[in-house]
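Asks: Count along the sequence shown from 1, add 12, and you get the number used in this note's numbering.
This is the structure I want to talk about, given as structure tokens.
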Amino acid sequence: MASTFSPLLFFLPLLFLDPLFCKANLHHSKTFLRSSLISQPLTNATILPTLFFEVTKPINVPTTTPCTLSVLQHDFGFTYGKPPVLANYSFPSDCPYQEFSKIVLEWNATCKGRQFDRIFGVWLSGVELLRSCTAEPRATGIIWSVKKDISRYSSLLLSNKTQTFAIYMGNLVDKTYTGVYHVNVTLYFYPAVEKMNLYEEKARNLGSGFASKADLIIPFSRDLPLNDGLWYEIENSTDVIVKEFEIPQNVYRAVLEVYVSFHENDEFWYGNLPNEYIAANNITGFAGNGPFREVVVSLDDEVVGAIWPFTVVYTGGINPLLWRPISGIGSFDLPTYDIEISPFLGSLLDGKKHKLSFGVTNALNVWYIDANLHLWLDSNSAKTEGKLLQHKVAPLAVSSVLDFKGLNGTFVTNTSRFVSSTGWVKSTYGTVTTESIQDLRYSNSMLMGRDGNLQIVNQTIHFEDSVYAKLSASNVESKKSLKRFHLYLYTDDVDQGNGTLSMVVNVTLGFNEKKFKDADASSPSSSLRNLQKGKGVIVIKDNLVVSGVGSTQQSYNYDSSKFCYSRNISSSNYTILHDEVRNTCNKRAKSHFGYGLSRSACGSLGVQSSSLTVQLGFHSNENNNFLGAFVSSPKRTKIKKFSIACSSTTTAARGEPVSRPPAWMMRQAGRYMSVYRKLAEKHPSFREKSETTDLIVEISFQPWEAFRPDGVIIFSDILTPLPAFGVLFDIEEVRGPVIQSLICSEDCLKALHPIDLEKLHFVGDSLKILRQEVGDHTAVLGFVGAPWTIATYIVEGGTTRTYTTVKSMCHTAPNLLRALLSHLTKAISEYIIYQVESGAHCIQIFDSWGGQLPPDMWEQWSKPYITEIVSMVQNKCPKIPLVLYINGNGGLLERMKGTGVDVIGLDWTVDMADGRKRLGNDICVQGIVDPTYLFSPLPAVTEEIQRVVKCAGPCGHFLNLGHGVLVGTPEEAVAHFFEVTKSLKHESSSQNHAMEESKLLV
């Protein structure tokens, strides 16, 4: 069985044949492409070396002339298993300045020939200054440079004593791997423009956390001499590194900076398989322990913080062609992670030794970890004092759902961690009470398909840490960092026969961070949105790469009050295709990325911005005047009229195509929004949030206040009305919905009663408030579940992947099932009318599980009941449009149209052009941007929106996702979605506004 199992991340070790590299090649034991690609090196000496680089903002240095110090020049040949390269370091005696605003380390290197990428570190007196990865060379040579702001190490760098500067790079050179890394390291000392009063600088540092400069730095690394790097190695989940230390007794602030990197069996930890899957399939030689990793930091055996690292992909990782010449995010300057230790100083100031320890949850061989303890000293006193007031460590909350059969299956892992510490320190600068908070959340979904040859990983890490430093009641400084790390990985291996294998890889990396100088501020002082997307295909024959292509697009955007920088760049196989840089805070320039261009085009594009009134048009077979004007053919259709005002500057013409498609998102309120998560901390129960009027209103408004979509959707659930007609249920964190009173017999059916709308007063009250609050500015949207979908929950007892019980009931107890569906039809119809009478402008019917039925069974067991609902609602509320959405509706579109609804919601498996062609122009369509597009670079989102809108045409289209917003979706992507939509404008080249020849202006 194992022989058929070969997804990229797990197949690659089988081709990694040279045992010397199992240890020397520190971080790519799962990638064979680099060794195979070099089988036919180029020899054209006229080709210039290729410049490799990581996209990042330039260091903002002053205009002063720096002092320069060349620290080290060395050729790293065969250095594996040998001591680090050492050099004496002293602050340059010829530098006339004593205070510096910036100190920059610059690493310059060249290499030519064949070589793997190598992890390396740079240390000064045991304090790590830089951890990085080399670029993989080519026969014609490469060059690369890394610049890092190392000002936070000023106390060390400006010391008058001679210190040891060390670099370790475990390179290996032989007849095959010939690349030697020629390295120059230079330091630049930029003098300060203005002098700062020492007392003011100390006071400022009390609440600062990111750019402050400590007086003393204690390293937590291995001592020289060594034949390896100074980092500690953690080889398994039980391995704990412990080091004793003692701090001066006049410390008033402490921050621990941690360096982390992962290699060998854990290089691709985010794709590691669950042990249960490995054991069940009798697979050997593959990395396991699942996809969750956590670096745990303890002080005297007490957990003081945790690190959930960003998924750095090294320059030889996954598919090396993706990172040539644009390296992966963080690969040339691996991120470090700070943990505030100040609350614990009361315990550390006793003049005794204490223990700092590191471990990695679920670790496999090998993790490299070391740390620097930054200390601020009270120069006016020999001793400070303090006390730990409070320390809370919530147990690591882990939920794991495994669902697999053989080599195919899905795995979902969710974890959370919360650490809070408060303590005070008294110094000559005052008594400062420091509170440190870490709030971390992790989600990983993994799919294995095609007998293990296909793997899809979707992972998001939310990393929030805050520090409050209170000097007095009126003097509180604080800072907060909100990080979101996203990874999407698609790998597919296809056996082409004749010993040939093709490997397809799509990877998305996202590093987003918002920094707040005031932790309670609503707007960040700076924000970084860094998104990288790579696509590659390689063909391997007889363990050698015979062809391959790798392309990468990256969108980097940094914004602050003082400095802005953006860069949009794309490359393919060493060649830069597009590169646009802006260093102003003006609106970002349009990118020329080519995302989505391979899909069918439906019109032409232009550029225009507009402020307008949006009309929502719904075709109807009834002779009712209602809701907004869509006309899609020369023959005018009776329409329902209703307008949603997005501005008061224009008035939409009745009976004409809309100026742009209105837009909202399914599940547009929820866990992807930080404001929702903050509210959920106080109200963790979903039913509380969805059945309490004040909370419903607040959550419903959250996305509208943030993004201004064209509709406010009531925060609710399709199961909400169940107790109102006799079905009790709950929603558990891991299992989801759990039905407490299943319908499995005639007696059970008797327990049902007509819907009691009084028990749903919170829905009616919320809709009334929403309608009153929005006025004419936007639409209020309600929704319900279709009878078949609700029945699946009631019969199956909750969520299911097979639907065996309810499907078999179609044959074993058809009368019982029909009676249940009939009861649900009447209850749902009354519930829709209740929502409309309470203020809903539009209702969407979710037949979420209708797509699980074969089309003929859907015709028999779902369609008639939806049709009856439509008829009942239209008789009572003829002006209310109804939307029908089915997950997986590609085989049902024409049948859905026969229900009589006004709008058909397409899911992401249907192409808009095909959906419009199949449904015709006499019915509105909704959709259809794949929700995963929101994890892509913003230019890709823009182009997909434009494509979808063009394919839909100017009449009868509501822009939406093809499913609900996914957990972990970047909020900036959602904002961008609606910003782009509002900039669209349709024009028609036909006097009768027919859909052909339609044009879209953006």
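Where a beta carbon is used, it is the ideal one built from N, C-alpha and C, also for glycine.
Only a predicted model underlies this, so the values are computations on that prediction, with no experimental measurement involved.
In its own chain, which residues sit with a C-beta less than 6 Å from the C-beta of Arg-429, not counting the 5 before and 5 after it?
Replies: So the qualifying residues of the chain are Ala-318, Leu-408, Leu-452.
Asks: Measure the beta-carbon distance from Leu-973 to Val-941 and round it to whole angstroms, keeping in mind my assumption that it falls under 8 Å.
Replies: 5 Å
Asks: Could you tell me if Asn-284 is buried or exposed, where buried requires 16 or more neighbouring beta carbons within 10 angstroms of its beta carbon?
Replies: Asn-284 sits buried, since 16 or more C-beta atoms from the chains shown fall within 10 Å of its C-beta.
Asks: So, with DSSP's three-state summary, where would you put Glu-397?
Replies: The answer is strand: DSSP assigns Glu-397 an E or B state.
Asks: So is the beta-carbon of Tyr-945 under 7 Å away from any non-hydrogen atom of the ligand MG?
Replies: No copy of the ligand MG appears in this structure; indeed no ligand is present at all.
Asks: So Tyr-684 packs on Glu-983, CB below 8 Å; how close in whole Å?
Replies: 7 Å
Asks: When burial is assigned at 16 or more other CB atoms within 10 Å of the CB, is Glu-955 buried or exposed?
Replies: Buried, by the Cβ-count rule.
Asks: Taking three-plus beta-carbon pairs below 8 Å as touching, is the segment 463–480 in contact with the segment 273–289?
Replies: Result yes; three or more Cβ-Cβ pairs closer than 8 Å.
Asks: Considering only DSSP beta bridges, list what Asn-569 is partnered with.
Replies: Arg-541, Ser-578
Asks: Do Ser-166 and Phe-112 have their C-beta atoms within less than 8 Å of each other?
Replies: yes
Asks: So which of Ser-712, Ile-802, Val-960 has the shortest CA-CA distance to Ile-898?
Replies: Ile-802
Asks: Can you tell which of Phe-497, Pro-876, Pro-715, Lys-780 has its C-alpha closest to the C-alpha of His-988?
Replies: Of the candidates Phe-497, Pro-876, Pro-715, Lys-780, the one whose C-alpha sits nearest the C-alpha of His-988 is Pro-715.
Asks: If we ignore side chains and look at the alpha-carbon of each, how far apart do Asp-729 and Gly-980 end up?
Replies: 20 Å
Asks: Just the C-alpha distance for Gly-900 and His-975, rounded to the nearest angstrom, thanks.
Replies: 10 Å
Asks: Going by DSSP, which residues form a beta bridge with Asn-518?
Replies: In the DSSP output, where bridge partners are listed per residue, Asn-518 has Tyr-502, Lys-547.
Asks: Is DSSP giving Gly-435 helix, strand or coil here?
Replies: strand
Asks: Assuming Met-908 and Cys-963 make a contact with CB atoms under 8 Å, what is their CB distance in whole Å?
Replies: About 19 Å separates the two Cβ atoms, so there is no contact after all.
Asks: Of the choices Cys-967, Val-270, Cys-756, whose alpha-carbon is the least far from that of Asp-934?
Replies: Cys-967
Asks: Rounding to the nearest angstrom, what Cα-Cα distance links His-275 and Val-372 in this structure?
Replies: 13 Å
Asks: Restricting to Cα atoms, I'd like to know which of Ser-393, Lys-482, Lys-404, Val-67 is closest to Gly-522.
Replies: Val-67
Asks: Out of Leu-184, Ser-534, Val-134, state which residue places its alpha-carbon closest to the alpha-carbon of Lys-160.
Replies: Nearest option by C-alpha distance: Val-134.
Asks: Report, in whole angstroms, the separation of the C-beta atoms of Thr-396 and Asn-487, which I expect to be a contact under 8 Å.
Replies: Actually they do not touch by this definition, with Cβ atoms about 18 Å apart.
Asks: Which residue comes first and which comes last in the beta strand (DSSP E) that contains Tyr-805?
Replies: From DSSP, Tyr-805 is part of no beta strand (DSSP E) but of the alpha helix (DSSP H) over 799–808.
Asks: On the criterion of 16 or more Cβ atoms from any shown chain inside 10 Å, does Glu-693 qualify as buried, or is it exposed?
Replies: exposed
Asks: Taking its Cβ as the centre, do 16 or more other Cβ atoms sit within 10 Å of Pro-227, making it buried, or is it exposed?
Replies: Per the sequence shown, residue 227 should be read as Asp rather than Pro. By the neighbour-count rule (16 or more Cβ atoms within 10 Å), Asp-227 is buried.
Asks: Is the segment 413–421 in contact with the segment 438–446, if contact means three or more CB pairs nearer than 8 Å?
Replies: At 8 Å Cβ cutoff, the stretches do not touch.
Asks: Between which two residues does the alpha helix (DSSP H) holding Asp-742 run?
Replies: Here Asp-742 belongs to no alpha helix (DSSP H); instead the beta strand (DSSP E) covers 741–744.
Asks: So for Ser-391, helix, strand or coil by DSSP?
Replies: coil
Asks: Please check if any C-beta of chain C sits within less than 8 Å of the C-beta of Met-677.
Replies: In the displayed structure, chain C is absent; only one protein chain is listed.
Asks: Looking at C-alpha atoms only, which residue of Ala-151, Tyr-349, Val-267, Pro-749 is the closest neighbour of Leu-385?
Replies: Nearest to Leu-385 by alpha-carbon distance, out of Ala-151, Tyr-349, Val-267, Pro-749, is Val-267.
Asks: State buried or exposed for Val-413, treating a residue as buried only when at least 16 other CB atoms are found within 10 Å of its CB.
Replies: Exposed, since its Cβ has fewer than 16 Cβ neighbours within 10 Å.
Asks: Under 8 Å: do the segment 860–869 and the segment 769–783 share three or more Cβ pairs, one atom per stretch?
Replies: no
Asks: Which one of Asp-129, Ser-439, Asn-524, Gly-682 has the shortest CA to CA distance from Ser-948?
Replies: Asn-524
Asks: What's the C-alpha gap between Gly-851 and Ile-857?
Replies: 17 Å
Asks: According to DSSP, which residues form a beta bridge with Val-818?
Replies: Per DSSP, Val-818 has no beta bridge partner at all.
Asks: Using a Cβ-Cβ cut-off of 6 Å (strictly less than) and excluding sequence neighbours within five positions of Thr-993, which residues of its own chain qualify?
Replies: Ala-675, Leu-971
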